[in-house]
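**Q**
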Amino acid sequence: MAMSIGPARTSGRAFHCTRRRVQGASQGDPKDSPRARAHGGTRSSPRRQSRRPRKQGSTMTTLTDTIETRPSRHLEPGAVDFDALRAQIGHRLVLPGDPGWAEVSLAWNLAVDQSPSAVVLAESAADVAAAVRFGRAYGVAVAPQAGGHGASARLVGSIVVRSSGLDTIEIDTDARTARVGAGVRWGALQAALDGTGLTGMIGSNPDVSVVGYTLQGGYSWFTRPFGMGADSLRSAEIVDADGVVRHVDDETDAELMWALRGGGGNLAYVTSVEIDLHPAPAIAGGRMLFPIADARSVLNAFADATRTAGEAISLWASLVHVPNLDFMPEEVRGQSFVVVESCTTEGLAGLEKALSPIRAAGVLVYDTVGERTASEVGDICEEPVDPMPAAHSGMGLGELTPATIDALLEVAGKPGAILQVQVRHLGAGRTARRPGLMTEVPSEYIAVALSLLPDPALEPMVRDAFAEVAAALRPWTAGAVGSTLVAAWDTLNRSTSFADRERLADVMAEQDPTGVFRAAVGLS
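All residue numbers for the sequence shown refer to our numbering, where the first residue is 523 and numbers rise by one.
What follows is the structure in structure tokens.
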């Protein structure tokens, strides 16, 4: 179960800044230790255990960030002399053979050997700029990465620039905005928002970086009331392909801002963002597990609830098959469940009313639904924060009918190569506040298939299983998907309309004509 980081409250009319070194997802960087500062003094808060369930149960593996598993171009050892870069940034450059290399070069997804040629542990925009200028001069791609989630074999031979040291959080409660560095994880930002009545556009995992998530679209617990995470992007500090630090917003570079809202790390290295915060006066939510035998009745009740629940309520449902593996909890090992997860900004009473028909549709075996703080939203799905080997693939759905549910159960209702299929209700039709590649909610629902991938030899089997899910749900497929849902073997060509793809390609060509930047998911 994910653990929340202690709160750092904000108040007052002026900026109340919280600066926190955000701990990496097991990169082992000794410079990453939690700390917090505020104007007028120093505050530290104890860690708080995640919410305990009302009924006995166990953690389920849920949606994780997929990463590409096929190798790309390798940089030959010794092909680039990094002495010039080391002279500029010193110990913050880590090369193969240096102490700690195995840890800092590790991808979060253990199915991936991203094999960079170097890792830069950036502590400032100047460090990032130095890496970009070096990469441009020597023809080595530069890959943005916070804690390893945004990784793929596309990054082989690149300079991976870790942003864990870019950890500043500045919150303006009156303006309802936050400025966060590229290394800040959602768990840290949400903890800083405890007690403010505000929330960011957090998704299912508190360990994902705010910046990377926002740039890739941002499927949030709060997409129904507030839209996509990318729609909350107000401005950004970037290092461009020339190694120049720039501030950009809709007035200074509208076309780049359009592309940043969903285009990922293919355009520039984003060192910080300013994002909207949203009112969340009474957060509540949690997980409910039912035996797989109740899947049809529970999923039909879930579908009905998504059509009647108020806009402040988000509902997700999953078919989960717990592998019969030693590292899984013994009491659920080898078993299957239907899971319903929920969250609202407007109080437990309304949420319980929406969940009542779902509770009545099966035998409840696990339940964590209750009131929550902003920092506890990331615990709802109980997703793993430790590295693991996995892959996933997603698609948009226009509706969720009894026939859709029958097709889903036929292809994913029994244990096999698929560990989980999750359906999230997004609520299409909301008008975006800002123009962007992924600011419009693209479909009424999304469906995401997840599989473990402990051995690369299993990739063909997993691909086939994902293809079967896609084929089964094709009659209801609708809308584009963000890059976080694009399978490792796909590109952004599949996730956007043709017009948007061409527009994104034009912006990329203008911003980075020589291909300095390389994100985990590319355009082609």
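Every residue, glycine too, gets a C-beta built ideally from N, C-alpha and C.
Name the two residues that bound the continuous beta strand (DSSP E) containing Glu-730.
**A** Looking at the sequence itself, residue 730 is Val, so the reference to Glu does not match. No beta strand (DSSP E) contains Val-730, which DSSP labels as neither H nor E.
**Q** So which of Leu-755, Val-682 and Ala-939 has the shortest CA-CA distance to Glu-796?
**A** Leu-755
**Q** Which residue comes first and which comes last in the alpha helix (DSSP H) that contains Arg-658?
**A** 647–660
**Q** My guess is that Phe-1039 and Ala-790 are in contact by the Cβ rule of under 8 Å, so how many angstroms apart are they, rounded?
**A** Yes, they are in contact, since the Cβ atoms of Phe-1039 and Ala-790 sit about 7 Å apart, within 8 Å.
**Q** Which residues in the same chain as Arg-746 place their Cβ atom closer than 6 Å to its Cβ, once the five residues preceding and following it in sequence are excluded?
**A** Glu-833, Ser-836 and Gly-949
**Q** Could you spell out the range, first to last residue, of the alpha helix (DSSP H) harbouring Pro-666?
**A** Segment 664–667 is the beta strand (DSSP E) holding Pro-666; no alpha helix (DSSP H) there.
**Q** Are the beta-carbon atoms belonging to Ser-794 and Thr-690 less than 9 Å from one another?
**A** yes
**Q** Which term fits Gly-612, buried or exposed, when burial requires 16 or more other beta carbons within 10 angstroms of its beta carbon?
**A** exposed
**Q** On the three-state DSSP scale, how would you describe Gln-610?
**A** helix
**Q** Would you mind reading off the limits of the alpha helix (DSSP H) that contains Ser-965?
**A** Here Ser-965 belongs to no alpha helix (DSSP H), and DSSP marks it neither H nor E.
**Q** For Gln-667 versus Ser-685, is the C-beta spacing smaller than 9 Å?
**A** yes
**Q** Select from Ala-644, Val-933 and Trp-623 the residue whose C-alpha is nearest the C-alpha of Gln-636.
**A** Trp-623
**Q** Which residue comes first and which comes last in the beta strand (DSSP E) that contains Met-810?
**A** In the DSSP assignment, Met-810 falls within the beta strand (DSSP E) that extends over 806–813.
**Q** Between the C-alpha atoms of Gly-1004 and His-769, what's the straight-line distance to the nearest angstrom?
**A** 25 Å
**Q** Short check: CB of Gly-739 to CB of Met-1030, under 9 Å?
**A** No, the Cβ-Cβ distance between Gly-739 and Met-1030 is not below 9 Å.
**Q** Whose CA, out of Gly-722, Glu-905, Pro-879 and Gly-872, lies closest to the CA of Gly-892?
**A** Gly-872
**Q** Quick one: using the 10 Å Cβ neighbour count with 16 as the cut-off for buried, is Pro-1035 buried or exposed?
**A** exposed
**Q** Tell me, which residues are paired with Pro-893 by DSSP?
**A** With the sequence shown as reference, residue 893 is identified as Glu, and Pro is not the correct amino acid for it. BP columns for Glu-893 point to Ala-806.
**Q** In angstroms with no decimal places, state the Cα-to-Cα distance between Gly-657 and Ala-827.
**A** Near 51 Å, if we compare the C-alpha coordinates of Ala-827 and Gly-657.
**Q** Where does the unbroken beta strand (DSSP E) through Ala-913 begin, and where does it stop?
**A** 912–919
**Q** Can you list, in chain order, the residues of its chain with a C-beta nearer than 7 Å to that of Asn-846? Leave out the 5 residues immediately preceding and following it.
**A** So the list reads Arg-855 and Gly-856, once near-sequence residues are dropped.
**Q** Could you give the residue range of the beta strand (DSSP E) that holds Trp-838?
**A** For Trp-838, the enclosing beta strand (DSSP E) starts and ends at 835–843.
**Q** So, are the CB atoms of Arg-707 and Val-730 less than 9 Å apart?
**A** yes
**Q** Taking just the CA atoms, how far does Asp-603 sit from Ser-742?
**A** 43 Å
**Q** Per DSSP, what kind of secondary structure is Asp-620 in: helix, strand or coil?
**A** coil
**Q** From Ala-954 to Pro-851, what does the alpha carbon distance come to, in whole angstroms?
**A** 42 Å
**Q** Tell me whether the region 803–812 and the region 877–885 touch, counting them as touching only if at least three CB pairs, one residue from each stretch, are closer than 8 Å.
**A** yes
**Q** On the three-state DSSP scale, how would you describe Ala-700?
**A** Correct three-state label for Ala-700: strand.
**Q** Does DSSP put Ala-969 in a helix, in a strand, or in coil?
**A** strand
**Q** Tell me the DSSP bridge mates of Val-861?
**A** Leu-811 and Ser-840
**Q** Closer than 6 Å by C-beta to Thr-895: which residues in its own chain qualify, once you throw out the five before and the five after it? Chain order, please.
**A** Asp-716
**Q** Whole-angstrom Cβ separation of Val-862 and Leu-841, contact assumed at under 8 Å?
**A** With 8 Å as the limit, Val-862 and Leu-841 do not qualify as a contact, their Cβ atoms being about 11 Å apart.
**Q** Measuring straight from C-alpha to C-alpha, what distance separates Met-910 and Trp-630?
**A** 7 Å
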